[in-house]
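This report concerns only the one structure given below.
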Amino acid sequence: MTMGKPPPPDIPDSRWRQSLRRRLLTWFRAHGRDLPWRRTRSLYHVWVSEIMLQQTQVVTVIPFFQRFISRFPDITSLASAEEDEVLRLWEGLGYYRRARNLHSAAQQIVRNHNAQFPEDFSVARSLPGIGRYTAGAILSIACNHKLPILEANTVRVFSRLLAFRGVPSEKDGQQLLWSFAESVLPRKHVGDLNQALMELGSEICVPRVPNCATCPVHMLCAAHRQGAQALIPTKKQRPAIENVTEAAIVIQRGGRVLLRRHSDQERWAGLWDFPRFATSPGQTAVSHQELIDNALQLTGMKIEASQHLTTMQHSVTRFRITLQCHLARYVSGRKQGDHLCWRAPDELEQLPLNVTGRKIGRLLVNLNK
Numbered sequence: 008m009t010m011g012k013p014p015p016p017d018i019p020d021s022r023w024r025q026s027l028r029r030r031l032l033t034w035f036r037a038h039g040r041d042l043p044w045r046r047t048r049s050l051y052h053v054w055v056s057e058i059m060l061q062q063t064q065v066v067t068v069i070p071f072f073q074r075f076i077s078r079f080p081d082i083t084s085l086a087s088a089e090e091d092e093v094l095r096l097w098e099g100l101g102y103y104r105r106a107r108n109l110h111s112a113a114q115q116i117v118r119n120h121n122a123q124f125p126e127d128f129s130v131a132r133s134l135p136g137i138g139r140y141t142a143g144a145i146l147s148i149a150c151n152h153k154l155p156i157l158e159a160n161t162v163r164v165f166s167r168l169l170a171f172r173g174v175p176s177e178k179d180g181q182q183l184l185w186s187f188a189e190s191v192l193p194r195k196h197v198g199d200l201n202q203a204l205m206e207l208g209s210e211i212c213v214p215r216v217p218n219c220a221t222c223p224v225h226m227l228c229a230a231h232r233q234g235a236q237a238l239i240p241t242k243k244q245r246p247a248i249e250n251v252t253e254a255a256i257v258i259q260r261g262g263r264v265l266l267r268r269h270s271d272q273e274r275w276a277g278l279w280d281f282p283r284f285a286t287s288p289g290q291t292a293v294s295h296q297e298l299i300d301n302a303l304q305l306t307g308m309k310i311e312a313s314q315h316l317t318t319m320q321h322s323v324t325r326f327r328i329t330l331q332c333h334l335a336r337y338v339s340g341r342k343q344g345d346h347l348c349w350r351a352p353d354e355l356e357q358l359p360l361n362v363t364g365r366k367i368g369r370l371l372v373n374l375n376k
């Protein structure tokens, strides 16, 4: 242990843990939200909801979940869909790799598990996009398997209950919190308890101003007793925001525009977009020659740069991006590969685009009216 670090707190005794379980389950049965994925114990529904809820708020997820399940009511229908359709239904939720992993996992389940989500923890965890937490959440909620969970909400709840003042994401924090998560599991109603813990973190034990007055377990909470709720959990220093300047090229040909699909190594893997490239930081103007050279490199096509269309600003993780959008005219070259396609602007609604691609597409539709 590093010198100067306080020792991690002990896990409370069995009597304390029993009281915690009883109070949480009683509270959850009275106050748990009526969410669409809680109306069934379907492994498929729970799985889809858990993937959507990663880094996304419940209120945002609900309409996406309902549309997704309406279109893909089971694993087989999801597995047989085109990736573009899956991504289009996911558009607006962000973190699109989740959708691609969900689609890939569905195909593996159909191929290797007779279209049934595996109930074995190690097998479930081996599927794309499913780690220790997600596998535990799915199998405890849908099958009542005795598996612990640890995600953003429960990290906060556990850290406050224990008054853990270390950084939860560091090794000693992870070891303590996973051990604590396992120690509080009941013999029965494991899924209900895990959902209660997540609900508590989402609705009451919130990051900035926790509502301790209505918390069913505040009398058991060490952080509350110490008046340290605002200080726990200790936040890891966030990376600095990086300003980035990029350019997008809208290549026009006979009423259609050229789209390029991002590769697996790029930021928006699998999504369609207008060809874009990074420019020098803070660069306020892009030369015609830069547009011509980069269009050739990205698409294999020769263009004639035309005019500036618009400038947009958006943020992605730790990047604040200024995107300069330019119109260009197609001159020559053939489309090579299925990562490029020509579409009329009013056909772009059918494709999964990133946020700025969607905005540019709608701007083009309005300009053509």
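Adding 7 to a residue's 1-based position in the sequence shown gives its number in this note's numbering.
Beta carbons are placed, not taken as given, at the ideal position from N, Cα and C, and that holds for glycine.
Do residue i and residue j have their CB atoms nearer than 8 Å?
| i | j | result |
| --- | --- | --- |
| A302 | I367 | no |
| L100 | G136 | no |
| V130 | R28 | no |
| F165 | L184 | yes |
| L32 | D199 | yes |
| T252 | P282 | no |
| A254 | T286 | yes |
| P240 | R132 | no |
| P214 | R30 | no |
| A276 | Y103 | yes |
| L50 | I145 | yes |
| L316 | C332 | yes |
| P15 | D179 | yes |
| L94 | L278 | yes |
| N160 | S209 | yes |
What does the alpha-carbon distance come out to for the pair residue i and residue j?
| i | j | result |
| --- | --- | --- |
| Q244 | V174 | 10 Å |
| S186 | L298 | 55 Å |
| V117 | H295 | 50 Å |
| L374 | Q272 | 33 Å |
| M8 | W23 | Note that M8 has pLDDT 45, beneath the 50 cutoff, so the model's placement of it is unreliable and no number is given. |
| Q171 | A220 | A small correction: the amino acid at residue 171 is Phe; Gln does not occupy that position in the sequence shown. Rounded to whole angstroms, F171 to A220 spans 21 Å at the Cα level. |
| K153 | T318 | 52 Å |
| R139 | H231 | 29 Å |
| A106 | A86 | 12 Å |
| V66 | L60 | 10 Å |
| T324 | Q64 | 16 Å |
| G39 | P352 | 45 Å |
| S26 | Q236 | 21 Å |
| R45 | A37 | 14 Å |
| H120 | A112 | 11 Å |
| E158 | K376 | 48 Å |
| D300 | I82 | 44 Å |
| L42 | Q290 | 47 Å |
| K195 | F284 | 55 Å |
Between which two residues does the beta strand (DSSP E) containing residue i stretch?
| i | result |
| --- | --- |
| W349 | L347 to R350 |
| I258 | E249 to R260 |
| H321 | K309 to V323 |
| H333 | F326 to S339 |
| V293 | That residue, V293, is in no beta strand (DSSP E); it is neither H nor E in DSSP. |
| R267 | R263 to R268 |
| A237 | Run containing A237: none; DSSP gives neither H nor E here. |
Flag residue i as yes when its Cβ comes closer than 7 Å to any non-hydrogen atom of the ligand SAH, and as no otherwise.
| i | result |
| --- | --- |
| F326 | Looking for the ligand SAH in the displayed structure turns up nothing, as the structure carries no ligands at all. |
In the DSSP assignment, the alpha helix (DSSP H) including residue i goes from what residue to what residue?
| i | result |
| --- | --- |
| V66 | V65 to R78 |
| Y51 | L50 to L60 |
| I18 | Taken as a continuous stretch (DSSP letters only), I18 belongs to no alpha helix (DSSP H), as it is neither H nor E. |
| S166 | A159 to L169 |
| T435 | Outside the displayed span of the chain (8 to 376) sits residue 435, for which this structure offers no information. |
| T83 | I82 to A86 |
| I367 | V362 to L374 |
| V197 | V197 to E210 |
| S186 | K178 to S190 |
| A285 | Not the alpha helix (DSSP H): A285 falls in the beta strand (DSSP E), residues R283 to A285. |
| S111 | R104 to N119 |
| L94 | E90 to W97 |
Looking only at its own chain, which residues have a Cβ that is under 6 Å from the Cβ of residue i, when we skip the five neighbours before and after it?
| i | result |
| --- | --- |
| E189 | P155 |
| L168 | C228 |
| N218 | I211 |
| L371 | P352 |
| T141 | E57 |
| T355 | The sequence shown places Leu at residue 355, rather than the Thr named in the question. Same-chain partners within the cutoff: G368. |
If I measure Cβ to Cβ from residue i and keep anything under 7 Å in the same chain, skipping five residues before and after, which residues do I get?
| i | result |
| --- | --- |
| N250 | P288 and R327 |
| F35 | D199, Q202, A203 and E206 |
| P13 | R172 |
Near residue i, which residues of its chain fall below 8 Å by C-beta distance, leaving aside the five closest residues on each side in sequence?
| i | result |
| --- | --- |
| V362 | H321 |
| W97 | F71, F75, Y103, R105, A106 and P359 |
| Q115 | L134 and P135 |
Exercise. Is the number of C-beta pairs between the stretch 262–274 and the stretch 53–70 that are closer than 8 Å three or more?
Worked result: Contact fails: fewer than three Cβ-Cβ distances are below 8 Å.
Exercise. Would the stretch 146–153 and the stretch 126–133 be scored as touching if the rule is three or more Cβ pairs under 8 Å?
Worked result: Yes, since at least three Cβ pairs between the stretch 146–153 and the stretch 126–133 fall closer than 8 Å, the two stretches touch.
Exercise. Quick one: any contact between the stretch 338–346 and the stretch 302–318, if contact means 3 or more CB pairs under 8 Å?
Worked result: Counting Cβ pairs under 8 Å, three or more are found: they touch.
Exercise. Per the contact definition of three or more C-beta pairs closer than 8 Å, is the stretch 317–336 in contact with the stretch 72–85?
Worked result: The answer is no - the stretch 317–336 does not touch the stretch 72–85, with fewer than three Cβ pairs under 8 Å.
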